[in-house]
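Add 1 to the 1-based position in the sequence shown for the numbering used here, that's all there is to it. Built from N, CA and C at the ideal position, the CB exists for glycine as well. As the structure is a prediction and not an experimental result, all values here were calculated from the model.
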Amino acid sequence: MKYEDWQKSVPDDLKQDALWQFNIYPKTVFLYDLLWEDCERLMKDVRGKAISAQIIRSAGSISANIEEGFGRGFGADFAYFLRVALGSARETRGWYYRARRLLSAEVLQHRFQLLDEIIAVLVKASAYQKRTSKKK
C-alpha cells in the first residue's frame, strides 16, 4: 500500500487534529497499519508469532508516545516523549531485521526506509524541543 492511497482512507476527524500536522506522526500511524498485514505473514510461523508480539508493541509505542507528548505541550515534556518514541522506532527496526527470513525483501526495504525517515525526524524534533525548552 502506498502512503498517498492510505491517507485517503484516514477519517477526516483524525486528519483535522493539530497532531496530524506534525509531519512524521501520520507516517507512524501508516507504519502501524502496514504492520497488521506484516503480522499476518509472521503469524504463520511459530518464530514469527514471537516477533509479532514484540513488533506490534514497539511500533504502537511510536505513535502513542508522540500522541502523549503532543498532548502535554511543547518543550521538555514533548522532547522526552519524542525520545521514547525514537527508542521504540529503533526497536521496531530491529524487530523487522529479526523478521527478515519471514518477510519479502521488498517489504523489508520499504519498512526500513519508512523507519529511517521516522527516526531521522524524531532525532531532530526531540533535539529541537529540548533546545527550545532550555531557552525559556
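Residue 102 to residue 110 span [Cα, whole Å]: 13 Å
CB-CB under 7 Å to residue 44, same chain, minus the five flanking residues each way: which ones, in chain order? 50, 53
Using 8 Å for Cβ pairs, my map puts residue 119 next to residue 28. What's the rounded Cβ distance? 6 Å
Short CB-CB distance (under 8 Å) between residue 79 and chain B: Absent here is chain B; the protein component of the structure consists of one chain.
Sorry if obvious, but does the Cβ on residue 83 come closer than 7 Å to a heavy atom of the ligand SAH? Among the components modelled here there is no ligand, and therefore nothing to report on the ligand SAH.
What's the call for residue 58, buried or exposed, on a 16-neighbour Cβ count within 10 Å? exposed
Among the candidates 123, 39, 127, 86, whose CA atom is the shortest distance from the CA of residue 106? 39
Can you list the beta strand (DSSP E) stretches of 3 or more residues lying completely in the segment 2 to 48, in chain order? none
Comparing C-alpha positions only, which one of 70, 65, 113, 71 sits nearest to residue 98? 113
Secondary structure at residue 54, three-state DSSP: helix, strand or coil? helix
What are the uninterrupted segments assigned as beta strand (DSSP E) that are 3 or more residues long and contained completely in the segment 96 to 136, given in chain order? none
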